[in-house]
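Undergrad: So that we are looking at the same thing, I have put the structure below in C-alpha cells.
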Amino acid sequence: MTEHADHDHEHHLPPKSSVKRWLVTTNHKDIGALYIITSLFFLIAGGILAMMIRTQLWTPGGSILGGQGYNQAVTSHGLLMVFWFISPFAFGLANYLVPLQIGADDLAFPRLNAMSYWVYLFSGLLFLASFFLGSSLAGGWTIYQPLNVPAYIPEVNQVGSLATIFALMLFVASVTMGSVNFLTTFYRMRAEGLRVRDMPLFSVSILLTVWMMLFAFAALLAAVILLSFDHLLGSVWFSTAEGGSLLWAHLFWFFGHPEVYIVFFPALGVMAEVFQTFSGKRIVGRKWFVIAMALVAIQSFVVWMHHMFLTAINLPIKTIFMATTIGISLPFDLMVFALIYTLVKGKIRFKTPFLFSFGALLLFILGGITGVFLGAVVLDYQFRGTYWVATSRCFSSGSTSFISRCSSSGRRPGACSTTPPSSRCGTASRRSARSCSPRRSW
Amino acid sequence: MGPGGISTEIAYVLGQTSGLSKTPADVFETVYLVFLILGTLVGIVVIGYTLTKAYRYRDDGKRDDKSESDKKVVRPVLGHLPAGSGGGKKLFVSFGISAVIVLSLIVWTYSALLFVDDTPPEVEAEGEEPLEIDVVGKQFNWEYTYPNNHTEEPTLYIPADRPIRLEVTSADVWHNYGINEFRVKSDAIPGQTTTAWFVAEETGTYEAVCYELCGSGHSAMRGDVVVMEQEKFQDWYANTTDGSTSGSVSSDVTADTDANADAETAPTEGEA
Numbered sequence: 014m015t016e017h018a019d020h021d022h023e024h025h026l027p028p029k030s031s032v033k034r035w036l037v038t039t040n041h042k043d044i045g046a047l048y049i050i051t052s053l054f055f056l057i058a059g060g061i062l063a064m065m066i067r068t069q070l071w072t073p074g075g076s077i078l079g080g081q082g083y084n085q086a087v088t089s090h091g092l093l094m095v096f097w098f099i100s101p102f103a104f105g106l107a108n109y110l111v112p113l114q115i116g117a118d119d120l121a122f123p124r125l126n127a128m129s130y131w132v133y134l135f136s137g138l139l140f141l142a143s144f145f146l147g148s149s150l151a152g153g154w155t156i157y158q159p160l161n162v163p164a165y166i167p168e169v170n171q172v173g174s175l176a177t178i179f180a181l182m183l184f185v186a187s188v189t190m191g192s193v194n195f196l197t198t199f200y201r202m203r204a205e206g207l208r209v210r211d212m213p214l215f216s217v218s219i220l221l222t223v224w225m226m227l228f229a230f231a232a233l234l235a236a237v238i239l240l241s242f243d244h245l246l247g248s249v250w251f252s253t254a255e256g257g258s259l260l261w262a263h264l265f266w267f268f269g270h271p272e273v274y275i276v277f278f279p280a281l282g283v284m285a286e287v288f289q290t291f292s293g294k295r296i297v298g299r300k301w302f303v304i305a306m307a308l309v310a311i312q313s314f315v316v317w318m319h320h321m322f323l324t325a326i327n328l329p330i331k332t333i334f335m336a337t338t339i340g341i342s343l344p345f346d347l348m349v350f351a352l353i354y355t356l357v358k359g360k361i362r363f364k365t366p367f368l369f370s371f372g373a374l375l376l377f378i379l380g381g382i383t384g385v386f387l388g389a390v391v392l393d394y395q396f397r398g399t400y401w402v403a404t405s406r407c408f409s410s411g412s413t414s415f416i417s418r419c420s421s422s423g424r425r426p427g428a429c430s431t432t433p434p435s436s437r438c439g440t441a442s443r444r445s446a447r448s449c450s451p452r453r454s455w
Numbered sequence: 070m071g072p073g074g075i076s077t078e079i080a081y082v083l084g085q086t087s088g089l090s091k092t093p094a095d096v097f098e099t100v101y102l103v104f105l106i107l108g109t110l111v112g113i114v115v116i117g118y119t120l121t122k123a124y125r126y127r128d129d130g131k132r133d134d135k136s137e138s139d140k141k142v143v144r145p146v147l148g149h150l151p152a153g154s155g156g157g158k159k160l161f162v163s164f165g166i167s168a169v170i171v172l173s174l175i176v177w178t179y180s181a182l183l184f185v186d187d188t189p190p191e192v193e194a195e196g197e198e199p200l201e202i203d204v205v206g207k208q209f210n211w212e213y214t215y216p217n218n219h220t221e222e223p224t225l226y227i228p229a230d231r232p233i234r235l236e237v238t239s240a241d242v243w244h245n246y247g248i249n250e251f252r253v254k255s256d257a258i259p260g261q262t263t264t265a266w267f268v269a270e271e272t273g274t275y276e277a278v279c280y281e282l283c284g285s286g287h288s289a290m291r292g293d294v295v296v297m298e299q300e301k302f303q304d305w306y307a308n309t310t311d312g313s314t315s316g317s318v319s320s321d322v323t324a325d326t327d328a329n330a331d332a333e334t335a336p337t338e339g340e341a
C-alpha cells in the first residue's frame, strides 16, 4: 500500500531532475531533503558569522566590524543557529523518517507541509536581508528589553530590526503549521495496531518535540508580536520602567527553556535508534526511557525562571525553580544510563553512524556534568553571563544535537525506500514483511 | 576525597566559623571545589565505564551468538514491535545513585544559597554595619551613591574587611553588575532593585564589569573598584559631602583620594 501511494505521488510530480519538481513538491521525502539542505545553508551562514566574531576578537578592541556590527554578528549567529539551523535540520529528518516509521503514506497535510517549508525558507531569507536594511537586531539572541525597542536603536537601523522581528514571526508560523501537521499524522495515521508507546524511539522523540513546540513557540509569538507593536505602533510593552524588562524575560524564557529540549530531543531519538541498531540490541528499559522523555517534556515548562535567578525574584520562588531544575536533570540521568547499558552485551559495530552517536553521548555526559554545576544557585550566580554557560549550552545542545544527527545523515537516507536504514528494520516492519537484515553491513 | 573531607567542608559552609572569615567568595570557592572534584570523579567513572564496555562488546566477529551470556539478550527481530531489553534493575540502581549524589549536593548548596542571599547578620552583631551603596547602571557606566548621598562615577571606593551591601538598578537597559574578584554579581534591571553583598578582604584596585550585553559600548562598561584600609576610607568619606558628586567634590579631594588609594595599593601589594 505504501508503494502504491508513493507511485501516486510520483505520477503527478515532475521528475527529480527538474527544478520545477522541487518547487511544487508535496512529498514528505522531498520536503525533508529541502529542509535539510536549507538548514545546512543557514548553518554555513551562522558559521560565517561565528568566524567574523573570532576575527573581531583576534586583536583587543578589534576594529574590523565596529561595535554595532559585532553585536549584530553575535546576535544573528545565535538566532540563526537556534532557529534556522538546528530545529529545521531535525525536521528534515522527521519529515523523511516519521511517516516511514509509523507506517503512514505521507504527513497528514502534504500541502501544509510544503507551505511550512516555504515559509521557513522565506523567514530565513528575510532574516538575512535584515542586515542590509540598516541593521538586524543587535541585543543578543535573548533579545533582552528594553535594549531592542526603538528608543535604544539608532534611527537608521530600525527597518532592519523590524525585519528581524517579522522573520521571527514568520518562523513561528512555519513551526506551528509543522507541529499541527505532525500531531495529526501521529494521532490519525499510524499503521493499524501500532500504539503510540510502541512507535520507534525517534518517532516518540519527535512526537514529544512537536507537543513542546506547539506551546513554547506560542509564548515566543506573543512576545515578538508585542515587540512589533512597540516598534510599529509606539506602544511601551517592553520599555515601561515597571516590569517591561521582566515581562520580556518571562515570556522569552518560558519559550526558551522548552526550546532547549525541542532542539535536543530529535538528537536523543536518533541516538536511541543508532545505539540499538549498531549494538544489535534493544534499548535497556525502553518503557522507562519513554516515560523519562515524557516527564522532561512536561517539566520543561516549569523551569524557566532558573534563567532569571539574579532578577530579584524572592527566595521561595528561587527554591521552587531550583527544585524543578534538579528534577528535570534526573530523567536525563536515566536516559544516559539506558543508552550506556544498551552497549553492554551488544555486538557493537563501530561504523560511522555509531561513532557520531557515541561521540554525542560522551559530549552529552560532559555537558550534563557542567549543567549540574549550574543547578547550584550559588555557582549559577557567578557563572551568569560567562563562557561557562555558553560552553555548557553549546556543548550539550548545539554540538550534541548536530553530531548525533550527522550520524543519521550518515545512513544515506536517500536509499531508504528500497533499503530501509537498519535501525528501522528491527523496529518497524508492521505492514508487510520488508526484506531487510539488521546485520546488514554498510 | 573521603567523607571526612566533605563533612569538614559542610561544617565550613554551614557557618561554624565566625565573623568575617566567611564571605560569599569563600562560599563560592568551597562549593565550586567540591563540585569540581565530584564532577571530575563522576565523569571519569561514567566515561571510563562506557568506553570499556564499548570496547569489550565490540563486534570482532569472534563472539558466538549462542554463548551463555548472550542468550538472555533481546536482539531486534524483523517484524516485531519495538521492545526493551532487560537490565532494568541495573538501570534503576545507577539512576538511584546518581539521584542521591545530585540531590544531596543541591540540598547542601541550599544552605550556601541562604547565606549568600541573606544580609550578613553575624557581622552586624559585631557592630560593624554593612556599608550600603546604591549602584545605577547606565549606558555605559556605573554610578554609585553612598549613604550620605555622595555620588561617585565610574570608580567605587570601599573599605576593606567591611561587608558592602549593594542595591543595584538601571537607568536605561538591562545590565548585570559584577566584581569577579569578590564573587558578587547582580542584575541591573530598570524599575527593579536587586541586592547583593560581599566583603573585600584585601586592599587594592579591582574591576567592576557589566555581564549583560547592553549595547555597542558594553565591552567597555567597566570601572575600577578601589579597596582602602578602613581608616583611609573614613578620611576619604569625611571629605565627601551631602549630595556631592565625584565631579563636584573639589577635584583635589578626588585626586587626593586617588593618591591615597594608589599609595595604599602599593605597600599592600608589596607585603603580599
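Protein sequences, first through last, are from chains C and P. Numbering-wise, the first sequence is residues 14 to 455 according to our numbering. Numbering-wise, the second sequence is residues 70 to 341 according to our numbering. Just so it is clear, CB atoms sit at the ideal spot from N, CA and C, and this is done for glycine as well.
1. Any contact between the segment 271-291 of chain C and the segment 212-222 of chain C? By contact I mean 3 or more CB pairs, one from each, below 8 Å.
2. Between residue 358(C) and residue 300(C), what straight-line distance do the alpha-carbon atoms span, to the nearest angstrom?
3. In chain C, which residues lie less than 9 Å from residue 260(P) when you measure between Cβ atoms?
4. Would residue 206(P) count as contacting chain C if we go by Cβ distances under 8 Å?
5. Can you check which of these residues, 338(C), 144(C), 148(C), 174(C), is closest to residue 308(C) by C-alpha distance?
6. Between 88(C), 61(C), 113(C), which has its C-alpha nearest residue 151(C)'s C-alpha?
7. Starting from the beta carbon of residue 201(P), find every residue of chain C whose beta carbon is closer than 7 Å, and list them in chain order.
8. What does the Cβ neighbour count give for residue 228(P), buried or exposed, with the cut at 16 atoms within 10 Å?
9. Any C-beta of chain P sitting closer than 8 Å to the C-beta of residue 144(C)?
10. Is it the case that the Cβ atoms of residue 297(P) and residue 226(P) are separated by a distance below 8 Å?
11. Where DSSP assigns a beta bridge to residue 210(C), which residues make up the other side?
12. Kindly indicate if chain P contains any beta-carbon less than 8 Å away from that of residue 297(C).
13. Less than 8 Å between CB atoms is the rule here; does residue 160(P) satisfy it with respect to chain C?
14. Would DSSP call residue 237(P) helix, strand or coil?
15. In the structure shown, what three-state DSSP assignment does residue 224(C) receive?
16. In chain C, which residues lie with their C-beta within 9 Å of the C-beta of residue 282(P)?
17. Classify residue 209(C) as buried or exposed, calling it buried when 16 or more other Cβ atoms lie within 10 Å of its own Cβ.
18. Okay, do the segment 348-367 of chain C and the segment 96-103 of chain P touch, 3+ Cβ pairs below 8 Å being the bar?
19. Taking one C-beta from the segment 51-70 of chain C and one from the segment 90-101 of chain C each time, how about it: are there three or more such pairs within less than 8 Å?
20. Which word fits residue 64(C), buried or exposed, when buried means at least 16 other C-beta atoms lie within 10 angstroms of its C-beta?
21. Leaving out the 5 sequence neighbours to the left and right, which residues in its chain are closer than 6 Å to residue 253(P) when beta-carbon positions are compared?
22. Report the residues of the segment 322-333 of chain C with a CB closer than 8 Å to any CB of chain P, ordered along the chain.
23. Taking C-alpha atoms, which residue in 336(C), 232(C), 283(C), 47(C) lies nearest to residue 132(C)?
24. Please find out if some non-hydrogen atom of the ligand NAD comes closer than 7 Å to the beta-carbon of residue 125(C).
25. So with Cβ pairs under 8 Å, would you call residue 371(C) a contact of chain P?
26. Excluding sequence positions up to five away, which residues of its chain have a Cβ less than 7 Å from the Cβ of residue 178(C)?
27. Indicate whether the contact test is met: 3 or more Cβ pairs, each with one atom in the segment 147-161 of chain C and one in the segment 78-94 of chain C, closer than 8 Å.
28. May I have the straight-line CA-CA distance separating residue 260(C) from residue 251(C), to the nearest angstrom?
29. Using DSSP with H/G/I as helix, E/B as strand and the rest coil, what is residue 290(P)?
30. Give me the residue from 292(P), 217(P), 183(P), 232(P) with the minimum Cα distance to residue 208(P).
31. With DSSP collapsed to three states, give me the class of residue 270(P).
32. Would you mind working out which of 91(P), 299(P), 112(P), 263(P) sits nearest residue 204(P), comparing C-alpha positions?
33. Taking the alpha carbon of residue 113(C) as the point to measure from, which residue in 213(C), 354(C), 333(C), 325(C) has its own alpha carbon closest?
34. Counting only C-beta atoms, is residue 229(P) closer than 8 Å to chain C at any point?
35. Just how far apart, CA to CA, sit residue 181(C) and residue 303(C)?
36. Determine the contact status of residue 207(C) and residue 116(C), defining contact as a CB-CB distance below 8 Å.
TA: According to the structure shown:
1. yes
2. 20 Å
3. 253, 254, 255, 256, 257, 258, 259
4. no
5. 338(C)
6. 88(C)
7. Here the premise fails: no neighbours, minimum Cβ distance about 16 Å.
8. buried
9. no
10. yes
11. For residue 210(C), which the question treats as bridged, DSSP gives no partner whatsoever.
12. yes
13. yes
14. strand
15. helix
16. 84, 87, 88, 151, 152, 153, 155, 157, 160, 398
17. exposed
18. no
19. yes
20. exposed
21. 265, 267
22. 323, 324, 325, 328, 331, 332
23. 47(C)
24. As presented, the structure is devoid of all ligands, the ligand NAD included, so that no description of it is given.
25. yes
26. 237, 240, 241, 244
27. yes
28. 7 Å
29. coil
30. 292(P)
31. coil
32. 263(P)
33. 213(C)
34. no
35. 32 Å
36. yes
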